[in-house]
Amino acid sequence: MKLVTAERMRLIDRETIDNRGIPGPELMENAGCGIAQKLMAFVVDTASGETVTIFCGKGNNGGDGYVVGRYLFQAGAKVTIYFLGPLEKLSPDARLNFDRAAESGIDLHEIKAIGDLPGELDSDYIVDAVFGTGFAGVPRGLSAELIEYINRQRQTTIAVDMPSGLNADTGTHEGAVVHADYTFTLALPKFGLYVSPGRELAGAVVTVPIGIPDNVVAQFDLKVDLITPELVAGQIPERKPDGHKGDFGKLFALAGSTGMTGAAAMAARSALRSGCGLVKVGCPRATLPVIASLVMEATSCPLPDVAKKGALALRGLGEVRKLAAEHDAVAIGPGIGRHHETSELVRRFVSTLDRPMVIDADGLNAFVGHTDLLAKTKAPAVLTPHPGEFMRLTDGAPAPNDIHERIETARRFATANNLVLVLKGSPTIVADAQRNCYLNPTGNSGMATGGSGDVLTGAIGSFLAQGMSAVDAAVCGVYVHGLAGDLAADELTERSVMAGDLIDFLPQAFETLGC
280 MKLVTAERMR
290 LIDRETIDNR
300 GIPGPELMEN
310 AGCGIAQKLM
320 AFVVDTASGE
330 TVTIFCGKGN
340 NGGDGYVVGR
350 YLFQAGAKVT
360 IYFLGPLEKL
370 SPDARLNFDR
380 AAESGIDLHE
390 IKAIGDLPGE
400 LDSDYIVDAV
410 FGTGFAGVPR
420 GLSAELIEYI
430 NRQRQTTIAV
440 DMPSGLNADT
450 GTHEGAVVHA
460 DYTFTLALPK
470 FGLYVSPGRE
480 LAGAVVTVPI
490 GIPDNVVAQF
500 DLKVDLITPE
510 LVAGQIPERK
520 PDGHKGDFGK
530 LFALAGSTGM
540 TGAAAMAARS
550 ALRSGCGLVK
560 VGCPRATLPV
570 IASLVMEATS
580 CPLPDVAKKG
590 ALALRGLGEV
600 RKLAAEHDAV
610 AIGPGIGRHH
620 ETSELVRRFV
630 STLDRPMVID
640 ADGLNAFVGH
650 TDLLAKTKAP
660 AVLTPHPGEF
670 MRLTDGAPAP
680 NDIHERIETA
690 RRFATANNLV
700 LVLKGSPTIV
710 ADAQRNCYLN
720 PTGNSGMATG
730 GSGDVLTGAI
740 GSFLAQGMSA
750 VDAAVCGVYV
760 HGLAGDLAAD
770 ELTERSVMAG
780 DLIDFLPQAF
790 ETLGC
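Plus 279 on top of the position in the sequence shown (first one is 1) and you've got this note's numbering.
Spelled out as structure tokens, the structure:
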């Protein structure tokens, strides 16, 4: 599902209305009807007997609110609408639907001062239709007071298209902004709903189709996709009922060193929990007993190590290459450390590797100052840096904070090096060499803990071994990884989530996706 800026959404609306013969009032009717239906499907079982208070602004977002009210009223809800007037200042389509709401018998009240509203609403739900996607700037005067009033109420709050006061492009706000429990965004999701603090202010986001033709959206060549459950569920391979372990992929993980055996173990366990049939960990000889005891379901192979260092030695390169040739994909980096021999081993290994690979952690640090080697890899590669690792790979150039600049930076790196980049963060971005880009909506602050990246590496490596393309493995890996984190946080709280919990919640994540 494509992500849009406010300006792109405006142009798509304009093209639909001006050149595709779908009038604005019809789109507004579809929007309001769709939100009412989604509200009844996701928030309440039935509108009958529920009390709903709707706050409408002067523009088309307010017009959507009048339509929502009319459909809820028809479904049996008790609806009260408060609107910012005067009536002659309403947009034409908003005024049309104000009149329709009035004709239907809904209680309508103009807000001339915040004192016109009751101190506490006697209502089950609030619908915020004050400002929409086109809003930019700072709410002022009565509008700002109204937003603060909405936030003081205790009812479940549903935002129409965007929480009022939130910038649709950046997820930031200046001044008052509605804190929504749900946001029903129209036609296409907006960037600001998935970038902090917007993602927290929006609550649960549901996209509502409003009748814009697919070929209109395609005409604008939108290059950023929101990763959705439907996309992921459609990519993860089905399990053959009569399959054996060799049918579900074989992953070789080059991982571990003294003091960081847990990273190797978590990557291996994650790969197995993600459906991989066989996982073998190639680790320094000194670490073998620990890693073997941590992951009984994986096999492990002792490799030559640097004397008394417990780090992978360069003389093991031939054996590493032989092991890789016996597997379908390779994961490189979890817990391998930064010994100079290990880094040289990784660079030489990757330069000739003919298996799909995912590189993380100190596997990435091996290429600091040698980034040019990445563009010469013979097989598909997925890199998974966090911002600090990315900055080292780019000779000190940081990943920008602005979401649109960050996306462009990720695209340039992926294209220049002919690989798939997973730029971790909030949100995580996946970019490929063809400049396609995907934004991941799952995950939470509980995942900001040591070892989370190792779990992600294992999941992506598992998907590569199961035959998925590099970009599909990355997209599915980040989504499932984040979903497991969200499920863990729901049960354990974000504060208490550990990396191992992500592995434990992977089965529930797959079950949620129907996989």
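Just so you know, even glycine gets a beta-carbon here, dropped at the ideal spot from N, CA and C.
Residue state for Glu286 is assigned as helix, using DSSP reduced to three classes. Nearest in C-alpha terms to Asn715, of all of Thr325, Glu687, Lys502 and Pro302, is Lys502. As computed with DSSP, His388 is found in a beta bridge with Tyr361. Counting C-beta pairs with one atom in each stretch, the region 607 to 627 and the region 643 to 661 have three or more that are closer than 8 Å, which means they touch. The region 686 to 694 makes no contact with the region 725 to 737: fewer than 3 CB pairs, one atom from each, lie closer than 8 Å. Ile708: member of the beta strand (DSSP E) spanning Ile708 to Ala710, first to last residue.
Counting the other Cβ atoms within 10 Å of the Cβ of Pro371 gives fewer than 16, which makes it exposed. Cys794 sits in coil when the DSSP states are folded into three classes, being neither helix nor strand. Rounded to the nearest whole angstrom, the C-alpha separation of Gln745 and Pro302 is 48 Å.
By the CB criterion at 7 Å, Val406 and Val457 fall outside the cutoff.
By the criterion of a C-beta distance shorter than 7 Å, Gly384 is surrounded by no residue of its chain, once the five residues flanking it on both sides are discounted. Per DSSP, reduced to three states, the secondary structure at Phe410 is coil, with no helix or strand assignment. By the Cβ criterion, the region 578 to 587 is not in contact with the region 764 to 776, since fewer than three pairs of Cβ atoms, one from each stretch, lie closer than 8 Å. In its chain, beyond the 5 residues on either side, Pro581, Leu582, Pro583 and Asp584 have a beta carbon closer than 8 Å to the beta carbon of Arg564. For Arg626, the CB contacts under 8 Å within the same chain, skipping 5 residues up- and downstream, are Ala645, Phe646, His649 and Leu652 in chain order. Nearest in C-alpha terms to Gly535, of all of Phe527, Ala546 and Gly528, is Ala546. For Ser579, the enclosing beta strand (DSSP E) covers residues Thr578 to Leu582.
Taking a contact as a CB-CB distance under 8 Å, the pair Thr486 and Thr464 counts as one, their CB atoms being some 6 Å apart. Within the region 421 to 473, complete beta strand (DSSP E) segments of at least 3 residues are found at 435 to 439 and 461 to 465, given in chain order. Contact between Ile638 and Ala660 holds, with the beta-carbon distance rounding to 6 Å and staying under 8 Å. Bounds of the beta strand (DSSP E) holding Asp504 are Val503 to Leu505. Within its own chain, no residue has a Cβ closer than 8 Å to the Cβ of Gly394 once the five positions on either side in sequence are excluded.
Spanning the alpha carbons of Thr540 and Leu573 requires a straight line of approximately 9 Å. Taking C-beta atoms as the reference points, Pro613 and Ala542 count as a pair closer than 7 Å. A direct Cα-Cα distance of roughly 40 Å separates Arg548 from Leu318. Runs of the beta strand (DSSP E) spanning 3 or more residues and lying entirely within the region 522 to 573 occur at 529 to 533 and 557 to 563, in chain order. Excluding the 5 residues flanking it on each side, Ala392 has same chain C-beta neighbours closer than 8 Å at Leu421, in chain order. Rounded to the nearest angstrom, the Cβ distance from Gly490 to Asp460 is 26 Å, too far for a contact under 8 Å. Taken atom to atom, the span from the alpha-carbon of Lys529 to that of Asp607 is near 5 Å.
Following the DSSP letters along the chain, one finds Leu700 inside the beta strand (DSSP E) bounded by residues Val699 to Leu702.
For Thr694, there is no enclosing beta strand (DSSP E); the residue is part of the alpha helix (DSSP H) that begins and ends at Ile682 to Asn696. DSSP places Ala749 in the helix class (H, G or I) of the three-state scheme. Where Ile638 is concerned, the enclosing beta strand (DSSP E) starts and stops at Met636 to Ile638. If you look at Val511, you'll find it in the alpha helix (DSSP H) that goes Pro508 to Gln514. Note that the region 351 to 363 does not touch the region 286 to 293; fewer than 3 beta-carbon pairs, one per stretch, sit closer than 8 Å.
Per DSSP, reduced to three states, the secondary structure at Lys281 is strand.
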